[in-house]
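Residue numbers (our numbering), protein chains in the order written: chain A, 649 to 1133; chain B, 649 to 1133; chain C, 649 to 1133; chain D, 649 to 1133. Glycine included, C-beta positions come from ideal geometry on N, C-alpha and C. All values derive from a computational prediction rather than experimental measurement. The next block holds one structure in the form of structure tokens; read it before the comments.
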Ligand SMILES: [Zn+2]
Ligand SMILES: [Zn+2]
Ligand SMILES: [Zn+2]
Ligand SMILES: [Zn+2]
Ligand SMILES: [Zn+2]
Ligand SMILES: [Zn+2]
Ligand SMILES: [Zn+2]
Ligand SMILES: [Zn+2]
């Protein structure tokens, strides 16, 4: 690969906006400045040159009820690149009883198809001494520094409060970060049973079974447990004001919590489930479900004010065929929607074009903040000399209507069908390779590489110091017991 | 028993303050007016004539680790009467697997000693079809309309979220009210183990193991579950801002929740556990533990503003001897303190004398609100013709220093030792019987009667209507599935 | 007037629901019990017998821009009685420079027409030594114990922060209660000018000029000033979450604040101003304007939880003709809507019938709480022997559609036109006089009497004690200045 | 000036921590990398190399009651450099009626003495057309893009709400940022008079006259006015939870507000005013006054969570002699304390060493965030090639006790006297000049240069877009008025 220069663009990072060219050599940024030259020149006139997007939350080829989510590391990363995203972080999901290291091998096998870089979070789906021990190897030997916990999916992935506490404490020791899918699984299961018994079997009942207060409660609980364990917390797919309120309340008490809204929850609302077409509604079944406008306003305010940190997709794409598994019983509809290709154009359109967030905030929440929190900054998420050349050249004038017929994803529909976006990638580079060029993908299966990440980030270390300083200490007593009143 | 007249006093109720005499016949208030006459006359000159106190939360002769709390229905109700309280509500605690109705018999046996009236809450300490069925009999046949749930005491009394949900729904059906002891039992157990392992074995570690955030979390969770189950909730011993905040947040969303602070948490703070004398600290071990001043301010504000509803004691008195069971291991110190005799004088001194609450609010939170919430108003908690003559004639000038050496309780110390109070009962009448007369008790074992209570109170009924009106409904669809995008 | 008995009804008060008959003699309740007899018998079978409504906020025959609000004490009190309200509290409004006592005379002249009882609040529209002095006479000689302050209407009624502070302190000394119309008048004036300049001249611009945040700010400010002055505060027409939040925040810190939502804000929303018909929109112009649903939910939750205390109307009725004064300039549309006749049926329909509030809470917020806060309980707002026989016999099965064509109010429209209500008065008694009988008014001009009220209520006294106890005290110092570092 | 290299240090920025050398040429950073060489070498072994501190809030040689604050641009900037601060932003204060441009000249005359770089905020102390017009020149011609407004100091600097609104709107038009000193000046004046009248004349009464609720109220009000005017807001010296709460509440609704706590409020508490030595207390008189620990915790949490943005000093140093002007009348004690030399060591000691904030957050709040918000990033506040070489080489092992006897400030005491700090500058460079070398100052009067700043920052632009998008629009109507009901 020769050198590449991106010319005449305006560089936009999480902190800065300035005019400069970029020189790329060996897959990295080699120089930033005016008048640079290289073997190939990409014209960025009228464009913003930004760090490629990082989607911190995807489920590619995720096993589910004997099948898998349809977008695998091949089609999923193609969709990512098509929309300006150059790195995804997927979830390695051990089965109950399965070794974490075995699960990791399974995921490494799948990810061979990836056309852009990727990393994994490791899920803690069960608990015993083996898991405790393997967590160290996962962090130290594999550079996987984030552990996901499901507070829902009772009887499957769900872990209880004592397991959460034990795993969170282990994360604290290892300088790792626990993540939670925060919904009260006991209550969801009870509501599902009650709804089915009452004849609420359609996809709208999926939303009825997972009200925002159920998410808010679990978020609040996970925050308390993380605080007791002395570790920062990352809350995935924050969809509602109640969860966001719990996060704000934690922060106002000095706790360290990050919240991740999804592009779906920012744009779509619960009205989708009232659609008379069953397929329409079922395709939008995901957990948490879409919420009403009040919640959307809350999420947008969180992005602007910094109480929420990153925007993800939870991309987990099932075909209409797969969704129909749940006809007559909403609990059998596979949970998940797509979004990898659309995340950045939608956020730009609804966020930057309206003035709800600045361009710099756009870069922060689509890329830089993920890299910082997850421990791979400035290799990723940065326009700095030495950083990986994961870059998107963004054309703010380019427009389209989103449609399944043109998407890279392998499924047969798109939950944003028909929405117009303004602001789309002109070029997308993955470690220097021009993977998208004016709408045409040139994505190579296997081009993507695994990104090992750093543990013991500054927030972990600071919090550990503070917890050590304020730890309980025994009261000095002379005789025990001593009399007195 | 002949008639009694209380003369020349000022009647103070939850809403009114006015001068009138009271005529008592047959254990009830027969007339309220000026210039009444009867067989016996009690002079209330300079005094306030108020409904006798109701303590909604006691544990008399409660079984614990092979022994029992030392104050039984005899000494406990004597202590109550000595301090102006004329009714206590105790907790019937079935062992795991024990029939609710059997537990009720056990409690009825103990309460034969009572010198003032009493009722019970029934605890739900396990869950299956039998419990579900017996709850109906408990409510309908026995007039016990409140069900207590422990979210702490893991491995003993604790019930899980699915059991809470099931029991709360059952309460909703029966028009009963669920109550919770709100602390996250999983986390408490983990913290206890961690503290012991670190050498934190003293009574102060009891407080370390139950931080306010652990209480706040459980309160928040119980509120959510009650809301999902469609039933009001009563949170016992609210000791901290976090729990109070959860209650306020619920109310601000239209939820129906009552909070009960204890007199101990209003007056005493966590500094007690730092006392160099082990006995001093151990005697104050209760759950939740005492908190710092910030929390006290929150509780007082709650009483004045109505976000907290009643003041109780959780009276559960163990001797120093019993407390010493936990030397070397704080988890073995029996949990509980006394307070029955001191609740009203302390609340008057710190509340009414300072202006933090009005006299009417004093009556509300010590008596009337409990009667209303628990379903025995205006038989109890009222100065109305026809109401039981449970009356306290309160002398606002009478003073003393609290001391164990003079108390009615059977234990050997008092956690309020040395505190001065101003405002004490001159007379206390239990269904017309003058049980306290200028400091001298005339309390008869067995005088007390069981008070059956009403279910389906107005708040239960209103909430059920609202929940029915807003219940989830299926979306109408023509064909399922139907195509569409 | 002979005696009257109300038979076979269910008495509903702010605390209690029970079956009893009422005997009325000499305009007062003479007996409550079973099987009572009197000269006249009113059948209350199937009905609730409740204290007559008290509307704490009306403007009858209020001077405005050279005209007056069209409903005067005659038609206004007829409307009140027609809807179950038996007492109104109007605002005496001195002109700038006018003696408070002179204004009082003017109001007494107008109120001669009243068909039900009434009282006044006194407005403080200017400030100097004379006002300071006359406030004492107003309280002590006239039994007017509440003083209204306008934080809006710049250049007319508005007073500034230093005047608020001075007047609030005077209230504290007198044991009186300050009230505020809370909107930032400076900002409203600026927004009005800006909107007119931009061509926003229609009635919808009235709403644009008074956003909820402008009300929230002023509420927050008034609360702080009252706290500094050491006096409780009554906030009229709380219409939005921001104002309600400020009140809740105050209460959570132990401050004493009452909030009064209007029936209009509970039922109607801002969509009314978008109506294509100018008259429709202009008729709904009032301050604060109608808000969106989020605010309505907040107000309803406040009524259920007690953070809001009473429901009023701010009845200030202008004809369409008068409203048209503001064609082409929304600032000239007279502010005000009607509601006196509809307040109770609407609150019952939307509150009690849905389960949002209980029947007892209905009585509290329509009647009893006003009487308590304003200092005329239990003369008013109570079903007690000796209380004034201001009574409504409420038929929960009676239905109608609201229509201007049938109303007692003198104006030509009704902002609730077409709304169906279920729950209406069968009889309404004003001091024993049957003023409404099955829909037929028998209201006598001049029957209404002025109600003098009590100052130094229990909340005022408690707060004064607390403020004295916690007042700033000088630090003891030996020499001043003394050296040191 | 030849080239300088800083060798063997660890570079710490607001985002990143990494090992590299720095090459400085011509007062700017010329290169960042390993193994750099230059004319002079500074050894940074064991040190952190950070952007020099920016103090966004100082008052050097500020006129006051016929005298001036004692630290002028000479001694003040020497103190700054001694503590690692390389830029100060002072306040140009026009007298009422004085041209803004004239005031600017006065300030430029004073600042000739500066030994480090500086900028100004312009105060709006009065309002008319001239001020409106000159604001444009101030922004466009002079690069002063921030306008300060005093909501306190009634009769002197205070402006009213209508003036705030007008000035804030002007800021919106100009892409400038309004700042507020937020205390309710009317209420402070009333409380001052009341306290003096009651004999509260000592310095502690200064604190009594400015309670936290008075600051919270004004903060809340300024936020509302800025929102109505459509402009971001910067709140100086946020000292208390109430003000912080108002800021958080604004952010949670998507508003753009920055809060600036002072190092004094983070470290010192109200107990200082109870000191028996008058001088001790008077030296600590500043507005807002010190608060209790609850408020300190709130401020620290704000720094960690990002709801507060920068740490300043409000350095305004008066000698003991000057303070004694207020003997017998606390309102005559000049308001202000020092802190320029101590801000960074204290924040490091209490923040980084304890783990309350990370090193990167330390850089953000002491330097980078100010540069971004105020419009001079990355010229200032950055370690980037091309940035000004304003650099501090920080030795985390260096310790001292703070003492007036060793300070650069010209006054005779230090409010932090005796406090131990760990973490101090080894070298401080101002545009490449080594101004501090191992504790020895080499600060040249006049070396400092004025920094012009950029208006129309990204947050201003985004907010303007959003406000335009959501601006009120007239309702379309056919005929006005049209009939209808
Ligand atoms: Zn999930
Ligand atoms: Zn997921
Ligand atoms: Zn308990
Ligand atoms: Zn208990
Ligand atoms: Zn008004
Ligand atoms: Zn009004
Ligand atoms: Zn200031
Ligand atoms: Zn200042």
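Any heavy atom of ligand 6 closer than 8 Å to the Cβ of residue i?
| i | result |
| --- | --- |
| residue 816 (chain C) | no |
| residue 798 (chain B) | no |
| residue 962 (chain C) | yes |
Strictly under 9 Å for the Cβ-Cβ distance: is residue i near chain G by that measure?
| i | result |
| --- | --- |
| residue 1117 (chain B) | Checking the listed chains, one finds no chain G in this structure; the protein chains it contains are A, B, C and D. |
Check whether the Cβ atoms of residue i and residue j lie closer than 9 Å to each other.
| i | j | result |
| --- | --- | --- |
| residue 905 (chain C) | residue 882 (chain C) | yes |
| residue 914 (chain D) | residue 999 (chain D) | yes |
| residue 836 (chain C) | residue 800 (chain C) | yes |
| residue 744 (chain A) | residue 750 (chain A) | no |
| residue 653 (chain C) | residue 702 (chain C) | no |
| residue 1120 (chain C) | residue 830 (chain D) | no |
Any heavy atom of ligand 8 closer than 8 Å to the Cβ of residue i?
| i | result |
| --- | --- |
| residue 695 (chain D) | no |
| residue 938 (chain D) | no |
On a Cα-Cα basis, can you pick out the residue from the options that is closest to residue i?
| i | options | result |
| --- | --- | --- |
| residue 1064 (chain C) | C:1078, C:994, C:1003 and C:1117 | C:994 |
| residue 769 (chain C) | C:739, C:915 and C:955 | C:739 |
| residue 974 (chain A) | A:849, A:1094, A:828 and A:869 | A:849 |
| residue 797 (chain B) | B:763, B:821, B:832 and B:777 | B:832 |
| residue 875 (chain D) | D:901, D:933, D:661 and D:948 | D:901 |
| residue 713 (chain C) | C:980, C:1050 and C:1108 | C:980 |
Is it the case that the CB of residue i approaches a heavy atom of ligand 3 more closely than 8 Å?
| i | result |
| --- | --- |
| residue 1000 (chain C) | no |
| residue 913 (chain B) | no |
Please report the straight-line C-alpha distance between residue i and residue j, rounded to a whole angstrom.
| i | j | result |
| --- | --- | --- |
| residue 659 (chain D) | residue 715 (chain A) | 50 Å |
| residue 997 (chain C) | residue 990 (chain C) | 11 Å |
| residue 1132 (chain C) | residue 925 (chain D) | Confidence is the limiting factor: at residue 1132 (chain C) the pLDDT is only 45, short of 50, which leaves the residue's position unreliable and the question unanswerable from this model. |
| residue 1053 (chain C) | residue 718 (chain C) | 16 Å |
Could you tell me whether any non-hydrogen atom of ligand 2 is closer than 8 Å to the CB of residue i?
| i | result |
| --- | --- |
| residue 716 (chain A) | no |
Closer than 8 Å to a non-hydrogen atom of ligand 4 - does that hold for the CB of residue i?
| i | result |
| --- | --- |
| residue 629 (chain B) | A question about residue 629 (chain B) goes unanswered here, because the residues of chain B that appear run from 649 up to 1133. |
| residue 719 (chain B) | no |
Report yes if the C-beta of residue i is less than 8 Å from at least one heavy atom of ligand 7; otherwise report no.
| i | result |
| --- | --- |
| residue 660 (chain C) | no |
Less than 8 Å separating the Cβ of residue i from some heavy atom of ligand 5?
| i | result |
| --- | --- |
| residue 935 (chain C) | yes |
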